[in-house]
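Trainee:
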Amino acid sequence: MLKVLCFDLDGTLLPMDTEIFIGSYMKELAPYMEEILPQDKLIPLIWDATQTMIGDQDGSRTNEEVFTERFLSRSGLKKEEVWPTFDKFYSEHFPTLKQYVQPSPRSRQVVETALDRGYRVAVATNPVFPKEAIRERMRWAQVEDLVEWVSVYEETHFCKPNPGYYREVAAAMGVSPEECAMIGNDVQEDLVAGTVGMKTYLVTDCLIDRGEPAYRPDQKGTMEELLAEIRERKGIFAS
28 MLKVLCFDLD GTLLPMDTEI FIGSYMKELA PYMEEILPQD KLIPLIWDAT
78 QTMIGDQDGS RTNEEVFTER FLSRSGLKKE EVWPTFDKFY SEHFPTLKQY
128 VQPSPRSRQV VETALDRGYR VAVATNPVFP KEAIRERMRW AQVEDLVEWV
178 SVYEETHFCK PNPGYYREVA AAMGVSPEEC AMIGNDVQED LVAGTVGMKT
228 YLVTDCLIDR GEPAYRPDQK GTMEELLAEI RERKGIFAS
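The number in my numbering is simply the position in the sequence shown, starting from 1, with 27 added.
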């Protein structure tokens, strides 16, 4: 029986062009860091540490620990030389990045309808950002007060598309993967949840599909269609 609906954030609950958003994020971060690291060094270091975090299979360290260790080891800097400025950026400037997304009231309607139908709700966003940045994007999506749990890089040990990430999501919610549905817009990162037993729903409004692996969703549709299908208990939401 389906108990938990796990929603992706970027491109699902928060409509956006992910490439434009990430590019803008990097562009806005660089001036904050220029006295510590020039842009031509900072951005490659962030990408390298992020890819290390995404590829990590260990599971014994949080994503934050993996990212921090890699970034500091490659940059030659100490945490106290860098992290206060990162933190300042997230508290002072990150909220202005809302201009690069297209929030829709439909997202809140979908989550409220899920709750009305008795589902528990988690935000299963790729935990490559700090909690403050993820919570801020949830505020943009107007769902921050509705969600029981959200994956953040301080508290999780895997990233998408690692199947271990989805096992961790289910465990955090105290259910089996078979009692969850993953709802997202990314064929490769979100639909891999099906390999651990979750039902999958592909949201097509801001679709991302790199071609391989070619996972097939149990169901797909726009956010408008998703809203109706949850409300009317159709397809995977029938049980």
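All C-beta atoms in this analysis are idealised placements derived from N, C-alpha and C, irrespective of residue type, glycine included.
So, helix, strand or coil for D114, using DSSP?
Mentor: In this structure, D114 counts as helix in the three-state DSSP scheme.
Trainee: Kindly confirm or deny that the segment 142-151 and the segment 122-133 touch, where touching means at least three C-beta pairs closer than 8 angstroms.
Mentor: The segment 142-151 is not in contact with the segment 122-133.
Trainee: Take the Cβ of W167 as the centre, count every other Cβ of all protein chains shown within 10 Å, and call the residue buried at 16 or more, exposed below.
Mentor: Classification of W167: buried, given that the 10 Å Cβ count is 16 or more.
Trainee: Determine the contact status of V150 and I161, defining contact as a CB-CB distance below 9 angstroms.
Mentor: Cβ distance < 9 angstroms, so V150 and I161 count as in contact.
Trainee: Helix, strand or coil: which one does DSSP assign to A197?
Mentor: Helix at A197.
Trainee: Counting pairs of Cβ atoms below 8 angstroms between the segment 217-224 and the segment 45-64, do you hit three or more?
Mentor: No contact exists between the segment 217-224 and the segment 45-64.
Trainee: How big is the Cα-Cα spacing for G73 and D35?
Mentor: In the sequence on display, residue 73 carries Ile and not Gly. Cα to Cα, the separation comes out at about 22 angstroms.
Trainee: Quick check on M209: does DSSP put it in helix, strand or coil?
Mentor: Residue state, collapsed to three classes: strand.
Trainee: To which residues does DSSP link F34 through a beta bridge?
Mentor: Answer by DSSP bridge pairing, in chain order: V150, I210.
Trainee: If L229 sits next to P244, beta carbons under 8 angstroms apart, how far is it from one beta carbon to the other, in whole angstroms?
Mentor: Going by Cβ atoms, the distance from L229 to P244 rounds to 4 angstroms, so yes, they are a contact pair.
Trainee: Rounded to a whole number of angstroms, what is the C-alpha to C-alpha distance between P58 and S266?
Mentor: P58 and S266: Cα-Cα distance of roughly 51 angstroms.
Trainee: Opposite Y228 in the DSSP bridges: which residues?
Mentor: For Y228, which the question treats as bridged, DSSP gives the partners I210, Q246.
Trainee: I believe T231 touches G248 by the beta-carbon criterion, under 8 angstroms. Please report the beta-carbon distance rounded to the nearest angstrom.
Mentor: Correct: roughly 6 angstroms between the Cβ atoms.
Trainee: Can you have a look at S87 and say buried or exposed, based on whether 16 or more other CB atoms are within 10 angstroms of its CB?
Mentor: Flag for S87 reads exposed.
Trainee: So is E61 buried or exposed if we call it buried at 16+ other beta carbons inside 10 Å?
Mentor: When all chains shown are included, E61 counts as exposed.
Trainee: Is R13 buried or exposed, if buried means 16 or more other CB atoms sit within 10 Å of its CB?
Mentor: In this structure the chain extends from 28 to 266, so residue 13 is not present and cannot be described.
Trainee: Consult DSSP for L56 and reduce its assignment to one of helix, strand or coil.
Mentor: Three-state DSSP puts L56 in a helix.
Trainee: How would you label K115, buried or exposed, when you count the other beta carbons within 10 angstroms and need 16 or more for buried?
Mentor: The residue in question, K115, is exposed, as its Cβ has fewer than 16 Cβ neighbours within 10 Å.
Trainee: When burial is assigned at 16 or more other CB atoms within 10 Å of the CB, is P42 buried or exposed?
Mentor: Per the 10 Å Cβ criterion, buried.
Trainee: Please classify L32 as buried or exposed, where buried requires at least 16 neighbouring CB atoms within 10 angstroms.
Mentor: It counts as buried.
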